[in-house]
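Colleague: Numbering (this note's numbering), first residue to last: 189 to 427. Where is the CB? At the ideal position from N, CA and C, for every residue including glycine.
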Ligand SMILES: [Zn+2]
Ligand SMILES: [Zn+2]
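1. Do you know how far the Cα of residue 263 is from the Cα of residue 323?
2. Closer than 7 Å to a non-hydrogen atom of ligand 2 - does that hold for the CB of residue 326?
3. Where does residue 399 land, buried or exposed, given buried means 16+ other C-beta within 10 angstroms?
4. Going by beta carbon distance, what residues of the same chain come within less than 8 Å of residue 240, once the five residues before and after it are set aside?
5. Tell me, please, which residues DSSP counts as bridged to residue 265.
6. Consider the C-beta atom of residue 345 and the heavy atoms of ligand 1; say whether any pair is separated by less than 7 Å.
7. Is residue 263 a contact residue of ligand 1, with contact defined as CB to any heavy atom under 7 Å?
8. For the beta strand (DSSP E) containing residue 229, list its first residue and its last residue.
9. Assuming contact is defined by CB atoms lying nearer than 8 Å, are residue 354 and residue 311 in contact in what I supplied?
10. Any chance the CB of residue 198 is under 7 Å from a heavy atom of ligand 2?
11. Using a Cβ-Cβ cut-off of 6 Å (strictly less than) and excluding sequence neighbours within five positions of residue 216, which residues of its own chain qualify?
12. Verify the contact flag: residue 290, CB atom, against every heavy atom of ligand 2, threshold strictly below 7 Å.
13. Helix, strand or coil, according to DSSP, for residue 260 in the structure here?
14. One question on the structure: do residue 292 and residue 339 come within less than 8 Å of each other, judged by their Cβ atoms?
15. Please state whether the Cβ-Cβ distance between residue 363 and residue 396 is less than 8 Å.
16. Given residue 299, which residues of its chain have a CB within under 6 Å of its CB, disregarding the five upstream and five downstream residues?
17. Between which two residues does the beta strand (DSSP E) harbouring residue 274 extend?
18. Please go through the same chain and pick out, in chain order, the residues whose beta-carbon is closer than 7 Å to the beta-carbon of residue 212, but skip the five residues on each side of it.
19. In this structure, does DSSP put residue 139 in helix, strand or coil?
20. Rounded to whole angstroms, what is the Cα-Cα separation between residue 383 and residue 406?
21. Quick one: which unbroken alpha helix (DSSP H) runs of 4-plus residues sit fully inside the region 369 to 413? Chain order, please.
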């Protein structure tokens, strides 16, 4: 339980992300070589990003491969406690439609604070200054739930990868908060990653969410084609 199928890779970056090195055509070839049945091509966006139409036309122009579903997405951070998402409004409006990406990957790259994103360091400082970890975690989960509802077709990218950066662990999250997030993920059809690069979430969270019916998906978070569909960590946790 709590281990997704390793036949898919739901989080692969291309040169449309400024920190990745392989073009979509190379990622597609790597997915074929790895024997995947699903690959989701996804790149980083902010509200000011303009490349999404080009990205979609390149990915759609790759052509079909027998037995391989090619899906698309954009990865955006959750900006604040209201669940606002750092993606262009027209991209969010088009999600799931004929001219849009299939899903929005919601990322905890920064802490969704009351007045906008808090860096991990600023979040740690607030915790040191008296923000209770339980309250911080409730803020994080509440913002995530709001973003999931607002986006409609979401995928949680590397859930809780932020916690070690702010001096917390998944053990600090209550079962109630995990269950709240799971219920909304199921209700909204949100996919939830088990992320190879960030090695999260851990077994307690995965098993609890899987038991709640959450759809877990494998994600390499590859930034180079040779990492597409490669799961050295996930393979060791597979039971
Ligand atoms: Zn990310
Ligand atoms: Zn990513």
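Modeller: So, to answer that:
1. 26 Å
2. no
3. exposed
4. 233, 262, 276, 279, 289
5. The beta-bridge partner set that DSSP reports for residue 265 consists of 295.
6. Judged by the Cβ position, residue 345 qualifies as a neighbour of ligand 1 at the 7 Å threshold, a heavy atom of the ligand being closer than this.
7. Checking the Cβ of residue 263 against ligand 1 gives yes.
8. 226 to 232 is the span of the beta strand (DSSP E), which, as asked, contains residue 229.
9. yes
10. Flag unset: Cβ of residue 198 not near ligand 2.
11. 250
12. no
13. Three-state result, residue 260: strand.
14. Contact flag set, yes.
15. yes
16. Within its own chain, the residues whose Cβ lies closer than 6 Å to the Cβ of residue 299, once the five positions on either side in sequence are excluded, are 306, 311, listed in chain order.
17. Residue 274 -> no beta strand (DSSP E), and no H or E assigned at all.
18. 202, 229, 246, 247, 250, listed in sequence order.
19. Absent from the model: residue 139. The displayed extent of the chain is 189 to 427, so no value can be given.
20. Their Cα atoms are separated by approximately 6 Å.
21. Runs found: 391 to 399.
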